[in-house]
Amino acid sequence: MSEQAFAVLHALADGRFHSGEAIARDLGCSRTLVWQAVHAIETSFGLSVYSVRGQGYKLARPFDWLEVAAIRAGLTPGSAEVWTVAVANQVDSTNTQLMAHANADELHGLVLAAELQTAGRGRQGRRWLASLGSCLMFSVLWRFNRGLAELAGLSLVVGLALARVLRQLGAPVELKWPNDLLLDGRKLAGILIELSGDALGPAAVVIGVGINVYAPENIDQPTAGLNQCGIRLERNALLALLLNELHQMLSEFEVQGFSPFGSEWMALSSHQDQPVRMSFSHGAPVDGIARGVADNGALLVDTVDGPRVFHAGEVSMRRLG
Ligand code: BTN
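Shown next, in the form of structure tokens:
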């Protein structure tokens with residue numbers, strides 16, 4: 018049914034009334050199947066559909082469908098040369114899909130965006146939950162000649178790329194080490210980076226990004242959505258802007274590493290000079306004052322035992338007080 022539901026959703030995306038008869042005719046199916054698909058759009062996808070006798074069906078909120086042509090239309094010439102963009106209605110996880118290409122071939126610059134993920138993944142084994150149309154979810158596959166050992170600052174660079182774009186659009190986002198984006202202290206976006214390769218190089222990297230357009234409900238932490246700051250940009254246009262920025266920043270990172278980005282990153286840090294607690298999967302937490310990031314993207318914290326350095330992956334951070 019989900020294939021049929023996506024087809025009917027496509028027909029309704031413009032937010033106008035469409036009769037069941039016309040949809041059935043266009044899709045070459047019965048009106049009963051259209052009715053069942055509308056039911057699935059409401060129950061499985063969580064979208065509201067008005068049904069009015071004599072007029073047909075209408076989505077309560079128009080649906081800005083992800084489309085390759087619309088995404089490509091926003092790419093700069095340099096960026097358009099690098100990115101190969103694909104869009105899927107539904108996948109397990111865009112990261113999982115692209116990781117399958119990480120070792121197998123030499124593909125570079127692949128982008129996969131999805132309307133829905135059935136097994137979206139977050140950092141540290143968590144799940145990433147997003148309802149249809151409420152989030153921009155995509156992954157990119159990028160190859161570096163640098164080895165894994167030199168990619169430690171990459172997640173911060175990606176966070177900064179997103180922050181640059183969103184701030185230009187009018188969302189005053191901040192960065193939470195290592196790579197969350199916060200709006201008014203609430204989580205707006207997350208990044209999941211997965212690596213494949215050798216310590217000395219080359220390395221393949223899958224960078225997965227989820228940006229809430231509308232804040233998700235039933236999540237165990239405070240969340241935010243871009244709609245809160247009045248940003249009405251379509252997800253296609255937003256993705257193109259992000260790909261342009263990522264193309265530029267990943268290319269620069271390849272040559273120069275994280276250090277040229279350090280001061281800009283720290284200026285946007287939500288926890289700079291604030292009391293923080295560092296927690297680990299094992300052992301007691303460590304409290305201190307966040308003092309910025311090192312040239313390799315590690316977090317510097319002043320503790321009662323003196324300055325300490327924390328590397329992403331091994332630890333999570335939260336503000337104290
Ligand atoms: C986090 O904050 O823990 C990271 C969240 C990353 C979510 C994105 S959504 C697109 C891509 N595919 C996934 O399965 N995860 C990332």
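Start counting the sequence shown at 18; every next residue gets the next number (our numbering). Note that CB positions come from ideal geometry on N, CA and C, so glycine has one too.
(request) Compare the Cα-Cα distances from residue 147 to each of 242, 313, 217 and report the closest residue. (result) For this step, residue 147 is matched to residue 130 along the sequence shown. That would be 242, whose Cα lies nearest to the Cα of residue 147.
(message) On the CB-based measure, 16 or more other CB atoms within 10 Å of its CB, does residue 262 come out buried or exposed?
(response) For the purposes of this step, residue 262 is identified with residue 245 of the sequence shown, where counting begins at 1. Label assigned to residue 262: buried.
(request) Output the boundary residues of the alpha helix (DSSP H) element that contains residue 160. (result) Your numbering for residue 160 matches position 143 in the sequence shown. Careful: residue 160 lies outside any alpha helix (DSSP H), inside the beta strand (DSSP E) at 152-161.
(message) Closer than 6 Å to a non-hydrogen atom of the ligand BTN - does that hold for the CB of residue 116?
(response) Taking the first residue of the sequence shown as position 1, residue 116 is located at position 99. Outside the cutoff, so no.
(message) Just verifying my parser: in three-state terms, what is the DSSP assignment at residue 319?
(response) The count along the sequence shown starts at 1 and reaches residue 319 at position 302. Here residue 319 sits in strand by DSSP.
(message) Within the continuous alpha helix (DSSP H) that includes residue 372, where are the two ends?
(response) One cannot answer for residue 372 here, as it falls past the ends of the chain, which runs 18 to 338.
(request) Within 10 angstroms of the Cβ of residue 35, are there 16 or more other Cβ atoms? Answer buried if so, exposed if not. (result) Along the sequence shown, one-based indexing puts residue 35 at 18. Buried, because 16 or more other Cβ atoms sit within 10 Å of the Cβ of residue 35.
(request) Check residue 20 in the structure and name its three-state DSSP category. (result) As a first step, residue 20 is located in the sequence shown; it is residue number 3 there, counting from the start. Here residue 20 sits in helix by DSSP.
(message) For residue 251, which residues in the same chain have their Cβ closer than 6 Å to its Cβ, ignoring the five residues on either side in sequence?
(response) Here the question's residue 251 lines up with position 234 in the sequence shown. Taken in chain order, the residues that qualify are 81.
(request) Output the boundary residues of the alpha helix (DSSP H) element that contains residue 332. (result) On the sequence shown, residue 332 is found 315 positions in, with the first residue counted as 1. Looking at the DSSP string, residue 332 is not in any alpha helix (DSSP H), and its letter there is neither H nor E.
(request) For residue 310, name the three-state secondary structure that DSSP assigns. (result) By one-based count along the sequence shown, residue 310 stands at place 293. DSSP places residue 310 in strand when its eight states are reduced to three.
(message) Considering only DSSP beta bridges, list what residue 177 is partnered with.
(response) Counted from its first residue, the sequence shown places residue 177 at position 160. For residue 177, which the question treats as bridged, DSSP gives no partner whatsoever.
(message) For the structure I just gave you, are there three or more beta carbon pairs, one from the segment 104-120 and one from the segment 294-303, closer than 8 Å?
(response) no
(request) Ignoring anything shorter than 3 residues or poking outside the segment 165-242, list the beta strand (DSSP E) runs there in chain order. (result) 191-193, 197-200, 203-214, 220-229
(request) Could you pull out every residue in the same chain whose Cβ sits closer than 8 Å to the Cβ of residue 164, ignoring the five residues on either side in sequence? (result) Position 147 of the sequence shown, counted from the start, is the residue given in the question as residue 164. Around residue 164: 214, 215, 216, 217, 218, 219, 220.
(message) Can you determine whether any heavy atom of the ligand BTN sits closer than 6 Å to the C-beta of residue 309, and answer yes or no?
(response) Counted from its first residue, the sequence shown places residue 309 at position 292. False, no ligand heavy atom lies under 6 Å from that Cβ.
(request) Assuming residue 199 and residue 190 form a contact by the criterion Cβ under 8 Å, report the distance between their Cβ atoms to the nearest whole angstrom. (result) Here the question's residue 199 lines up with position 182 in the sequence shown. Here the question's residue 190 lines up with position 173 in the sequence shown. That pair is a contact at about 6 Å.
(request) Report, in whole angstroms, the separation of the C-beta atoms of residue 69 and residue 59, which I expect to be a contact under 8 Å. (result) Stepping through the sequence shown from its first residue, residue 69 is reached at position 52. Stepping through the sequence shown from its first residue, residue 59 is reached at position 42. Incorrect: roughly 15 Å between the Cβ atoms, too far for contact.
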